[in-house]
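Undergrad: My structure is below; once you've seen it, I'll send some questions.
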Amino acid sequence: MNDIRNSKQIKLVFTGSVGAGKTTAIGVISEVPVLSTEAKPSETEVARRKASTTVAMDYGEITLDDGQKVYLYGTPGQRRFDFMCHILCRGALGLIILIDNTHPDPLSELDYYLNLNADFLSNSMAVIGVTHYDESDKPSMDDYCQCLQERGEFWPVLRADARQAADMALLIDTLLASLEYG
Amino acid sequence: MTLSERALSASWRYLKNFQDADVILVSLDSDAGMQFWQNQLPHYPALCVVACASGTLPGSAWALQIPASRPPSRKELVELLNALSAHLDSRPAPTATAAAAEAAPAEPAPTTLAADDGAAIVEAAEPEIHAVDSAAVAEPKPSQHPVFTPDRHFLGLLQKTLAVGEDAIFVLPGQAWLVASPQTQRYYSTVSLDALQPLLLAAPDDIQSRHLQAAKMLGSAIGKDMSPHPLAELLWQAALACSGGRLLEGCRPEDVVRLRHWPQVAHLPSYRKFLRVAAFMNQHAASLQTIAAQTGIALPAVVDFHNACMAMGLIERLAQPELAKPAGNGAASELFRKISSRLARTDREAS
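Protein chains in written order, with the numbering used here: chain A, 3 to 184; chain S, 123 to 473.
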């Protein structure tokens, strides 16, 4: 695990599929207005789903009671900006992967983001939040667990609504508990 | 019933007016009876109701099984009515609240039985509202049994239903009811999991259950006001409700265990209590004693979590411990607690 005692920044990174709610998630827990880099999507599939999407990063922060800052970063969803993921994950505490369950193939999306961040995850932790589950309950949560088991990975996976601060707090708490014992 | 009169310990008579009835027999084989059971019964938690059906009603105290080939015999009816009479006599006097809830008659109400055709089966009409009979609620008695035996609780009935794979309806008369569907991996209820607690705590003998063998019966059993919930959450809560820190039968504290995967109960209030145990058991295989020591969570709570996960099929037993690295990093733990505390504040502010 990254040695957080030597980290200059305490940061958490939100990644995952386009439309999963990364920008929204940061917005509900950040105490500062989210700095967002939205633009018209260039990828056809993304353009079908959203009128605008993150192209560089989202940024938010929270301040702990002792004045320390926790920085919240969101990665772009379009594949051509995947390199940002590696940049943003450097020195991060852990990764929150949000998967849109209304995507045509959510389990492939999960595979994709786990593979994309394999290096980071070899030394850190992730939690997976399945969003839009109220709109589509297929694949089921058991399917996600099965998918992780087949990969030989055991990241916590939870249903989550990116609009709800409580759900995002639950995801981060789950990540922190995993970090504590990882 | 007239023929049975001399064998009965109390005087019974049919009433056409349900408002005067102490006991109502409901035929679950009829559409009207089933509709009453589904839609009306939950609104009248204190009614003393007998389920009558040709299907099986395992472990039910107030049920009359109707053989498919003949009407119920006089002996069966006598036994049922005498048991009901004893039950009614043993009920405590109504409290002031209960008395206020009842439309108390000037004279003590006779022990009555309502029926529409003399066959001791009622197509029920609008029933009387009684106060909740708290004496009828089964209390968990963890101290009586050193190990946790699901068969002594609702959990055992639920697990048998899952094993059979048939949808089923469970009723704690006058208290709570639900439909469990292994087919859809959902349970259906008009109330929250918290409000189902009396059913989860009840002994099997106090619970009436019936398998719904055809898919269309599930559709008819689920009322419009019933919402579906994951069956895993019911299993989790049913185990936690009765576990009481006692280890599940057949398990030992020194067993080396870990989670197969993360429990899907994040939206239940009890989730946070067990978050750290779940995180530990998701990454390490250890004995329950070691898990308690490493996480700083009391052993009975670890045992409760283990039992609930076992009920959901999430526990894997291993021959040897697998502790990847020493758990707990003081500085990290402190930081994580600060972040959690800050997020909790955000959550409170948001809500």
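Think of the CB as a built atom: it goes at the ideal place given N, C-alpha and C, for glycine as much as any other residue.
1) Can you name the residues that DSSP bridges to M127(A)?
2) Please tell me whether Q11(A) has its Cβ less than 8 angstroms away from any Cβ of chain B.
3) Consult DSSP for T25(A) and reduce its assignment to one of helix, strand or coil.
4) With DSSP as the reference, please indicate the residues paired to L381(S) in a beta bridge.
5) Do the region 400-416 of chain S and the region 375-388 of chain S make contact, defined as three or more Cβ pairs closer than 8 angstroms?
6) If you drop the 5 nearest sequence neighbours on each side, which residues of the same chain put their C-beta closer than 6 angstroms to that of C94(A)?
7) Can we say the region 325-335 of chain S touches the region 288-298 of chain S, given the rule of at least three CB pairs closer than 8 angstroms?
8) Using the beta-carbon of each residue, which ones in chain A are nearer than 7 angstroms to Q386(S)?
9) How long is the line joining the alpha carbons of L369(S) and V425(S), rounded to whole angstroms?
10) Does T56(A) come out as helix, strand or coil in the three-state DSSP assignment?
11) Ignore the nearest five residues each way along the sequence and tell me which others in T417(S)'s own chain have a CB closer than 7 angstroms to its CB.
12) Give the interface partners of A179(A) over in chain S, defined as CB-CB distance under 7 angstroms, in chain order.
13) If we cut at 8 angstroms on Cβ distances, does D469(S) have a partner in chain A?
14) In chain order, what residues of the same chain lie with their CB nearer than 7 angstroms to the CB of L362(S), ignoring the 5 residues before and after it?
15) Can you find the residues in the same chain that come closer than 6 angstroms, C-beta to C-beta, to L356(S), ignoring five residues on each side of it along the sequence?
16) Using a beta-carbon distance cut-off of less than 9 angstroms, what residues from the region 67-79 of chain A approach chain S?
17) Are the C-beta of F156(A) and some C-beta of chain S separated by less than 8 angstroms?
18) Where does K395(S) sit, in a helix, a strand or coil, going by DSSP?
19) Which residues in chain S sit within 9 angstroms of I174(A), going by Cβ to Cβ distance?
20) Quick one: list the residues of chain S neighbouring L123(A), beta-carbon separation under 8 angstroms, in chain order.
21) Is G29(A) buried or exposed, if buried means 16 or more other CB atoms sit within 10 Å of its CB?
22) Between which two residues does the beta strand (DSSP E) holding K140(A) run?
23) When DSSP labels each residue in this structure, what does D169(A) get in the three-state scheme?
24) Using the C-alpha atoms, what's the distance from A167(A) back to N103(A)?
25) Quick check: the region 112-121 of chain A against the region 146-158 of chain A, are there 3 or more CB pairs under 8 angstroms?
26) Would you grab the beta carbon distance between S199(A) and T25(A) for me? Rounded to a whole angstrom, and I think it's under 8 angstroms.
27) Give the residues of chain A in contact with Q405(S), contact being defined as C-beta atoms less than 8 angstroms apart.
28) Could you tell me whether any Cβ in chain A is nearer than 8 angstroms to the Cβ of A472(S)?
29) For R82(A), I'd like the list of residues in its chain whose CB is within less than 6 angstroms of its CB, leaving aside the five on either flank, ordered along the chain.
30) Where DSSP assigns a beta bridge to E444(S), which residues make up the other side?
31) Which residues does DSSP pair with I101(A) in a beta bridge?
32) Measuring only between beta-carbons, confirm whether H383(S) sits less than 8 angstroms from chain A.
33) Measure the beta-carbon distance from R464(S) to L178(A) and round it to whole angstroms, keeping in mind my assumption that it falls under 8 angstroms.
34) Answer with buried or exposed for Q305(S), where buried requires no fewer than 16 other C-beta atoms within 10 angstroms of its C-beta.
35) Between A388(S) and V172(S), what straight-line distance do the alpha-carbon atoms span, to the nearest angstrom?
36) Where does the unbroken alpha helix (DSSP H) through T312(S) begin, and where does it stop?
TA: Result, derived from the coordinates:
1) BP columns for M127(A) point to G96(A).
2) Any reference to chain B falls outside this structure, whose protein chains are A and S.
3) If DSSP states are grouped into helix, strand and coil, T25(A) belongs with the helices.
4) The partner list for L381(S) (beta bridge, DSSP) reads I437(S).
5) Counting Cβ pairs under 8 angstroms, three or more are found: they touch.
6) Per the sequence shown, residue 94(A) should be read as Ala rather than Cys. Contacts found: K13, V15.
7) A contact exists between the region 325-335 of chain S and the region 288-298 of chain S.
8) Chain A residues near Q386(S): M143.
9) Rounded to the nearest whole angstrom, the CA to CA distance from L369(S) to V425(S) is 6 angstroms.
10) The three-state secondary structure of T56(A), taken from DSSP, is strand.
11) Excluding positions up to five away in sequence, the list reads R398, V399, F402.
12) Per Cβ cutoff of 7 angstroms: L397, R398, A401.
13) Yes, because at least one Cβ of chain A sits closer than 8 angstroms to the Cβ of D469(S).
14) For L362(S), where only same-chain residues beyond five positions count, the Cβ hits under 7 angstroms are S392, D426, A430.
15) Excluding residues within five positions, the ones whose Cβ falls inside 6 angstroms are Y309.
16) Look at the region 67-79 of chain A: the residues with a C-beta under 9 angstroms from a C-beta of chain S are D67, D68, Q70, V72.
17) Yes, F156(A) counts as interfacial toward chain S.
18) Three-state result, K395(S): helix.
19) Within 9 angstroms Cβ-Cβ: I461, S462, L465.
20) Contact note: L123(A) does not reach chain S at a C-beta cutoff of 8 angstroms; the least C-beta distance is about 13 angstroms.
21) The residue in question, G29(A), is buried, as its Cβ has 16 or more Cβ neighbours within 10 Å.
22) K140(A) -> no beta strand (DSSP E), and no H or E assigned at all.
23) Here D169(A) sits in helix by DSSP.
24) About 19 angstroms.
25) Pairwise C-beta distances place the region 112-121 of chain A in contact with the region 146-158 of chain A, as three or more of them are shorter than 8 angstroms.
26) Past the edges of chain A, shown from 3 to 184, lies residue 199(A), and the structure says nothing about it.
27) Within chain A, F156, S180, Y183, G184 have C-beta atoms less than 8 angstroms from the C-beta of Q405(S), given in sequence order.
28) Yes, A472(S) counts as interfacial toward chain A.
29) So the list is empty, once near-sequence residues are dropped.
30) Answer by DSSP bridge pairing, in chain order: A407(S).
31) By DSSP's assignment, I101(A) forms a beta bridge with V132(A).
32) Interface flag for H383(S) against chain A is set, since a Cβ pair is found closer than 8 angstroms.
33) The distance from the Cβ of R464(S) to that of L178(A) is about 11 angstroms, inconsistent with a contact at the 8 angstroms cut-off.
34) Exposed is the call here.
35) Inter-residue distance for A388(S) and V172(S) is about 38 angstroms (C-alpha atoms, whole angstroms).
36) Element bounds for T312(S): n/a, residue is neither H nor E.
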